[in-house]
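Participant: Pasting a structure below so you can have a look.
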Amino acid sequence: MEIDTKPQETPKKDCKPQECMGALLPVRDALEVLSGRWKLPILIALSDRPKRFNEISKDINGITDKMLSKELKDLEINKLVTRKVYDTFPPTVEYSRTEHSQSLTNVIMALKDWGTLHRKEIIGK
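The following block contains the structure:
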C-alpha cells in the first residue's frame with residue numbers, strides 16, 4: 001500500500017461537507033495513531049536513545065506495565081517504534097523510534113507551543 005505524502009489542501013471555509021471531511025481524513029488518521037494519554041510520552045522517552053522496557057516505564061510516571069506493553073505494540077504496528085530482541089539469557093528487548101517517527105518532531109513541538117498558548121488562555125499560566 002502506497003501512502004500519498006503530498007501536502008493536502010486545507011479545507012476552504014465554504015467547502016461542501018463531503019469535501020471538508022475528505023480533506024480532514026489525514027488529520028483523523030494522525031489523531032487515531034497518536035491518541036491517548038501515553039503514546040506521545042513514550043515517543044518522547046525514546047527520543048534520545050533506544051531503551052529497554054523497564055527504562056521506559058521508569059521515565060513515564062503513572063503508566064502500568066500492561067498499558068506500556070499495549071501502547072508499544074500499537075506504536076510498532078504504526079511503524080513509529082521498533083523492537084529489537086537480543087540473543088541473551090534472559091532475552092534483552094530494546095525499543096527505539098523509527099526514522100518515520102522522527103517526522104513527528106515538528107508536530108510534537110507545534111502541539112507543545114499550542115498547549116502553552118492554550119494554558120495561558122484558559123488558566124492564565
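Residue numbers (the working numbering): 1 to 125.
From the three backbone atoms N, C-alpha and C, an ideal C-beta is built for every residue, glycine too.
(1) Answer with buried or exposed for residue 130, where buried requires no fewer than 16 other C-beta atoms within 10 angstroms of its C-beta.
(2) Grouping DSSP H, G and I as helix and E and B as strand, with all else coil, what is residue 96?
(3) If you draw a straight line from the alpha carbon of residue 89 to that of residue 53, how long is it in whole angstroms?
(4) Measuring straight from C-alpha to C-alpha, what distance separates residue 85 and residue 124?
(5) Classify residue 93 as buried or exposed, calling it buried when 16 or more other Cβ atoms lie within 10 Å of its own Cβ.
(6) Assuming residue 57 and residue 68 are in contact, meaning their beta carbons sit under 8 angstroms apart, how far apart are those beta carbons, in whole angstroms?
(7) Leaving out five residues on either side along the sequence, give the residues of the same chain with a beta carbon under 8 angstroms from the beta carbon of residue 51.
(8) According to DSSP, is residue 125 part of a helix, a strand, or is it coil?
(9) Determine the DSSP secondary structure at residue 116, reduced to helix, strand or coil.
Facilitator: This is what the structure gives:
(1) Limits of the chain in this structure are 1 at one end and 125 at the other, which puts residue 130 out of reach.
(2) strand
(3) 16 angstroms
(4) 47 angstroms
(5) exposed
(6) 6 angstroms
(7) 45, 59, 94, 95, 96
(8) coil
(9) helix
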